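Okay, here's the thing in structure tokens:
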């Protein structure tokens, strides 16, 4: 089945130790998104790619970076995770702008 | 800045009851509105998308309405079942080239057998 896949599902890292989260899609969608969702909060958009064009939200910390080496894959890099970065990280895709977004199962990040 | 509010924050109903979840947004210049379902510890599943030019969308037991001018949407769930228990989030998309979805915090629905 076409889908959005996130790996790993759970990630434990140490304070300040770089971590990379992975997202892949079989939908061949042009747009890929990364959201951060903290407990009982609304998902918050960090950035998105339209094809290779990267778009960062104004309030996304510099500590967060992203790479999209090809249509299928997108990575979220957290350069120096702090305790406040512990959250669920959700990847989503859409065919184009303003179209239905399809979400992956998320990666829960724990920072010790 | 767009803000999305969902009321109530939590709702508990007996099985079989019809129910309505509410969503309001501050900026009526939206392109579309989506309703999502989120199970505990999981990602989001898209339920319905309503374009700004539409008044409602239906999928099975779900019906979503949109009143863009008043900044309101409702999600109606008919004949609720325990399997409907989840958090329901609404999100709005801005006009133009704005890809951003602005989410509400969600309504936690519990349907009791």
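Residue numbers (the working numbering), protein chains in the order written: chain C, 196 to 307; chain V, 4 to 116.
We treat Cβ as the ideally placed atom computed from N, Cα and C, and that holds for glycine.
Fair warning: this is a prediction, and the values are worked out from it, not measured in the lab.
Per DSSP, the beta-bridge partners of residue 244 (chain C) are C:227 and C:249. DSSP places residue 280 (chain C) within a helical segment (H, G or I) once states are collapsed to three. Against chain C, the CB of residue 28 (chain V) has no partner CB under 8 Å away; the residue lies outside that interface. Considering only beta carbons, the part of the stretch 242-254 of chain C lying closer than 8 Å to chain V consists of 243, 245, 250 and 252, in chain order. Residue 240 (chain C) has a beta carbon lying within less than 8 Å of a beta carbon in chain V.
For residue 66 (chain V), no CB of chain C lies under 8 Å from its own CB, so it is not counted at the interface with that chain.
Following the DSSP letters along the chain, one finds residue 94 (chain V) inside the beta strand (DSSP E) bounded by residues 89-97. Proximity to residue 49 (chain V) across V:102, V:93 and V:113 peaks at V:93, based on C-alpha coordinates. Closer than 8 Å at the C-beta level to chain C, one finds these residues of the stretch 34-52 of chain V: 34, 35, 37, 39, 44, 45, 46, 47, 48, 49 and 52. Using a Cβ-Cβ cut-off of 8 Å, residue 74 (chain V) does not count as an interface residue toward chain C, since no Cβ of chain C sits closer than that to its own.
Distance check between residue 103 (chain V) and each of C:268, C:287 and C:215 places C:287 closest, using alpha-carbon atoms only.
In the pairwise beta carbon analysis, the stretch 256-267 of chain C is classified as not touching the stretch 196-214 of chain C: fewer than three pairs are separated by under 8 Å. One Cα belongs to residue 55 (chain V), the other to residue 224 (chain C), and the distance between them is close to 23 Å.
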